[in-house]
Amino acid sequence: MTRHIAGAAAVLFLSVVTVLNGQSTSAVADPHNITGAWEPMRGGPGAPPPTPPSPIVLKPAFAPDWQARRAAQDEATKRGEPLATGGSQCIPYGVPTMMSIANYPVEILQTPGQVTIITEAFSEVRRVYLDRPQMKVEDVPPGYYGRSIGTWDGGTLVIDTVGIAEKVAGYQSLPHSPQLRVTERIRLTGADTLEDQVTLDDPIVLEKPVTYTLAYRRLPKYEMVEFVCDNNREYTDDKGVVRMKVLDK
Amino acid sequence: MRPRCASVSACLLLAGAMIAVHDHPAGAHHSFAMFDSVNKTTITGTVTRFEWTNPHVLIEMDVPGQAGAITHWSVELGSPSILQRSGWKFSDIKAGQKVTAIINPLRDGRPGGMLYRLTLADGSLRGNGGPPPADLAAK
Numbered sequence: 001m002t003r004h005i006a007g008a009a010a011v012l013f014l015s016v017v018t019v020l021n022g023q024s025t026s027a028v029a030d031p032h033n034i035t036g037a038w039e040p041m042r043g044g045p046g047a048p049p050p051t052p053p054s055p056i057v058l059k060p061a062f063a064p065d066w067q068a069r070r071a072a073q074d075e076a077t078k079r080g081e082p083l084a085t086g087g088s089q090c091i092p093y094g095v096p097t098m099m100s101i102a103n104y105p106v107e108i109l110q111t112p113g114q115v116t117i118i119t120e121a122f123s124e125v126r127r128v129y130l131d132r133p134q135m136k137v138e139d140v141p142p143g144y145y146g147r148s149i150g151t152w153d154g155g156t157l158v159i160d161t162v163g164i165a166e167k168v169a170g171y172q173s174l175p176h177s178p179q180l181r182v183t184e185r186i187r188l189t190g191a192d193t194l195e196d197q198v199t200l201d202d203p204i205v206l207e208k209p210v211t212y213t214l215a216y217r218r219l220p221k222y223e224m225v226e227f228v229c230d231n232n233r234e235y236t237d238d239k240g241v242v243r244m245k246v247l248d249k
Numbered sequence: 250m251r252p253r254c255a256s257v258s259a260c261l262l263l264a265g266a267m268i269a270v271h272d273h274p275a276g277a278h279h280s281f282a283m284f285d286s287v288n289k290t291t292i293t294g295t296v297t298r299f300e301w302t303n304p305h306v307l308i309e310m311d312v313p314g315q316a317g318a319i320t321h322w323s324v325e326l327g328s329p330s331i332l333q334r335s336g337w338k339f340s341d342i343k344a345g346q347k348v349t350a351i352i353n354p355l356r357d358g359r360p361g362g363m364l365y366r367l368t369l370a371d372g373s374l375r376g377n378g379g380p381p382p383a384d385l386a387a388k
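Protein chains in written order, with my numbering: chain S, 1 to 249; chain E, 250 to 388.
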């Protein structure tokens with residue numbers, strides 16, 4: 001009952017937001033229905049004003065190395081010799097970076113007890129199990145997607161993820177420890193718009209949690225495009241620079 | 250449908266702007282910094298292979314020079330997904346066809362680059378993930 005009341009309140013709230021923003025004329029039928037294909041949007045017509053991310057403050061033991069790596073990346077990029085990344089080697093992005101790669105759509109599927117998120121870029125898949133206890137961080141095998149547990153908080157799907165391997169590149173190239181905990185709050189912000197508020201909490205690496213917000217627009221009837229990274233022309237040279245292979249015929 | 254940037258070239262400029270404020274966007278497969286974002290090269294030649302693949306679509310083409318010597322060029326495009334959403338078809342180009350490509354060339358001088366605009370044999374234009382740019386000066 002509580003959930004239904006909260007859901008009804010969310011519908012009312014979303015309807016008001018829709019009228020105020022004028023972003024959509026269609027009503028939100030069910031705030032718990034987020035199934036569909038969603039395209040990341042960062043500005044442009046119809047996009048909401050970007051939500052500024054919270055400041056990134058690392059523990060002193062990690063800050064100098066992170067700043068040096070970012071400076072080296074910037075310098076290499078200015079020289080036209082960008083440093084190789086996991087992406088340039090067709091390595092999956094993992095959680096949470098996979099949730100917004102350029103403008104590649106993200107497909108959300110809802111089945112009883114589970115939300116499945118499939119990205120177009122690199123065809124990554126993450127499974128969010130609903131209303132189950134989360135395991136201790138120490139008990140989850142580290143990987144690209146960790147273990148995700150979801151619960152509905154009114155009209156917001158709250159996803160708790162632990163078990164992200166240290167090798168998985170983070171937001172803004174942030175390092176992280178095995179203690180990383182990713183909390184996402186996914187909700188409809190209109191009939192055809194969605195947001196994912198991502199919070200990274202890592203008591204080993206971060207002085208305080210970092211929060212940033214991703215925005216999406218719905219792609220009605222979109223058919224996800226196959227993406228198998230089997231013809232990668234980019235390679236990494238002996239200096240760690242990503243280069244394009246040029247053929248001779 | 251409105252992608253984040255009008256084209257891969259526009260993404261390049263956006264990425265440059267974001268880097269300038271020390272934000273590192275989660276871009277597509279790789280940075281565009283290996284390409285010259287300012288200067289462009291126009292090449293006309295015969296397609297030897299058109300690869301509708303991930304992470305990038307590629308056009309391989311033989312380009313005759315002034316003395317008749319052939320130089321082979323590799324031209325990188327966006328991904329099938331990005332191109333398809335902007336009107337491309339996997340069957341738009343076939344080996345043997347003559348095309349003209351305006352590209353952002355590799356900054357290291359090798360014969361390769363990123364497509365800016367393509368003119369097909371029938372005169373129709375293609376962009377690289379957005380509408381074909383009509384005016385080079387207005388990029």
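Glycine included, each C-beta is placed from N, C-alpha and C at the ideal position. Since this is a predicted model, take the numbers as computed values, not measurements.
| Query | Result |
| --- | --- |
| Just by C-beta distance, which residues in the region 355-376 of chain E are closer than 9 angstroms to chain S? | L355, R356, D357, R359, P360, G361, G362 and M363 |
| Apply the 10 Å Cβ neighbour rule to F281 of chain E and answer buried if 16 or more other Cβ atoms are within range, or exposed otherwise. | buried |
| Measure the alpha-carbon distance for W389 of chain E versus A37 of chain S and round it to whole angstroms. | Since the first and last residues shown for chain E are 250 and 388, residue 389 of chain E lies out of range. |
| Please return the same chain residues whose Cβ sits closer than 7 angstroms to the Cβ of E81 of chain S, not counting the five positions on each side in sequence. | V241 |
| Using a Cβ-Cβ cut-off of less than 7 angstroms, give me the residues of the region 307-319 of chain E that come near chain S, in sequence order. | L307 and E309 |
| Return yes when the Cβ of Q179 of chain S is within less than 9 angstroms of the Cβ of P203 of chain S, no when it is not. | yes |
| Tell me, please, which residues DSSP counts as bridged to D201 of chain S. | S:R181 |
| Alpha carbon to alpha carbon, what distance is there between T77 of chain S and T291 of chain E? | 25 angstroms |
| Under 8 angstroms Cβ to Cβ from C229 of chain S, same chain only, skipping five residues before and after it: list those, please. | C90 and F122 |
| Measuring alpha carbon to alpha carbon, tell me which residue in S:V57, S:Y235 and S:Y216 is nearest P40 of chain S. | S:Y216 |
| To be precise: take each residue of the region 212-227 of chain S, compare its Cβ to all Cβ atoms of chain E, and keep it if any distance is under 9 angstroms. Which residues remain? | R217, L219, Y222, M224, V225, E226 and F227 |
| Using the three-state DSSP reduction, which class does L174 of chain S fall into: helix, strand or coil? | coil |
| Using 9 angstroms as the limit for Cβ to Cβ distance, is A282 of chain E near chain S? | yes |
| I need the straight-line Cα distance from A344 of chain E to E234 of chain S, nearest angstrom please. | 23 angstroms |
| DSSP three-state label for Q315 of chain E, please. | coil |
| I want to know whether the region 48-64 of chain S touches the region 191-206 of chain S - three or more CB-CB distances under 8 angstroms. | yes |
| Given T25 of chain S, which residues of its chain have a CB within under 6 angstroms of its CB, disregarding the five upstream and five downstream residues? | Its pLDDT being 39, under 50, T25 of chain S is placed unreliably in this model, and the value from its coordinates should be taken loosely. There are no such residues. |
| Closest to P329 of chain E by C-alpha separation, out of S:I118, S:L174, S:G86 and S:E226, would be which residue? | S:E226 |
| I'd like the list of long-range same chain contacts for R42 of chain S, defined as Cβ closer than 6 angstroms, with 5 residues on each side in sequence excluded. | none |
| Give every residue of the same chain whose Cβ lies closer than 6 angstroms to the Cβ of E124 of chain S, excluding the five residues on either side of it in the sequence, and list them in chain order. | P92 and M98 |
| Rounded to a whole number of angstroms, what is the C-alpha to C-alpha distance between L355 of chain E and H278 of chain E? | 17 angstroms |
| Beta carbon of L109 of chain S: closer than 8 angstroms to some heavy atom of the ligand ZN? | Here there are no bound small molecules, and the ligand ZN is not part of this structure. |
| Quick check on this structure: which residue in E:E300, E:P381, E:G294 and E:E309 has the alpha carbon closest to the alpha carbon of S340 of chain E? | E:E300 |
| Less than 9 angstroms between the beta carbons of P96 of chain S and V198 of chain S, yes or no? | yes |
| Please state whether the Cβ-Cβ distance between Y104 of chain S and I331 of chain E is less than 9 angstroms. | yes |
| Going along chain E in order, which residues have a C-beta closer than 8 angstroms to the C-beta of R243 of chain S? | M283 and D357 |
| How would you write the range of the alpha helix (DSSP H) that R69 of chain S sits in, first residue to last? | A63 to K78 |
| Taking Cβ to Cβ, would you say G143 of chain S is nearer than 9 angstroms to A169 of chain S? | no |
| By the criterion of Cβ-Cβ separation under 8 angstroms, what are the contact partners of E75 of chain S in chain E? | Near E75 of chain S there are no residues of chain E at all, since even the closest Cβ is about 11 angstroms away, more than 8 angstroms. |
| Which value, in whole angstroms, describes the spacing of the CA atoms of K136 of chain S and T85 of chain S? | 30 angstroms |
| Mind listing the chain S neighbours of Q333 of chain E? Cutoff is C-beta to C-beta under 7 angstroms, in chain order. | V225 |
| My output table needs one value for F227 of chain S: the three-state DSSP class, helix, strand or coil. | coil |
| What in chain E is Cβ-close to P52 of chain S, meaning under 7 angstroms? | Under the 7 angstroms cutoff, chain E gives no residues; its nearest Cβ is about 11 angstroms from P52 of chain S. |
| Taking all protein chains shown into account, do 16 or more other C-beta atoms lie within 10 angstroms of the C-beta of Q67 of chain S, making it buried, or fewer, making it exposed? | exposed |
| Are V210 of chain S and L174 of chain S close, meaning C-beta to C-beta below 9 angstroms? | yes |
| Just to confirm my understanding: we take I186 of chain S, look at its own chain, exclude 5 residues before and 5 after, and list those with CB closer than 6 angstroms. What are they? | L157 and D196 |
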